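Position 83 of the sequence shown, counted from 1, bears residue number 572 in our numbering, the numbering being contiguous throughout. Every residue, glycine too, gets a C-beta built ideally from N, C-alpha and C. Remember, it's a predicted structure, so these values are computed and weren't measured experimentally. Taking it in order: structure first as structure tokens, then the write-up.
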Amino acid sequence: MLYSFLISLSTILLLFLILQNSNSAKHCYSGQNKRYIQKQCSSGSLAPFVLRTCAPKSAAKCNAGSRICLFSKGKQNCEVCNQDFCNE
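See below:
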């Protein structure tokens, strides 16, 4: 009985460690204008998220919203963010 309990406990700990060390962003920059702070990613921190920005016209098109890009005469650009502080 003790042996099966230890195996179950070690399996749970192993799964926890795998989830904690997955390739994903856990810390991001948050803010607006020129005031950004480092913080823990609030949602989906165990999964990559997509950065959607307005890029120069020579960049590839993205399926993000286009109002800001129309205003700035640029095109959308997407990048998957799966490392800490990749939204710099």
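Residues in the same chain with beta-carbon distance under 6 Å from residue i, minus the five sequence neighbours each way, listed in chain order, please.
{"i": "G520", "result": "I526"}
{"i": "K528", "result": "S519"}
{"i": "L498", "result": "none"}
What are the start and end residues of the beta strand (DSSP E) that includes residue i?
{"i": "K528", "result": "R524 to Q529"}
Could you name the residues that DSSP lists as bridge partners for residue i?
{"i": "S519", "result": "I526"}
Give me, in chain order, the residues of the same chain whose beta-carbon lies closer than 8 Å to that of residue i; leave out the 5 immediate sequence neighbours on both sides.
{"i": "M490", "result": "none"}
CB-CB under 7 Å to residue i, same chain, minus the five flanking residues each way: which ones, in chain order?
{"i": "T500", "result": "none"}
{"i": "Y492", "result": "none"}
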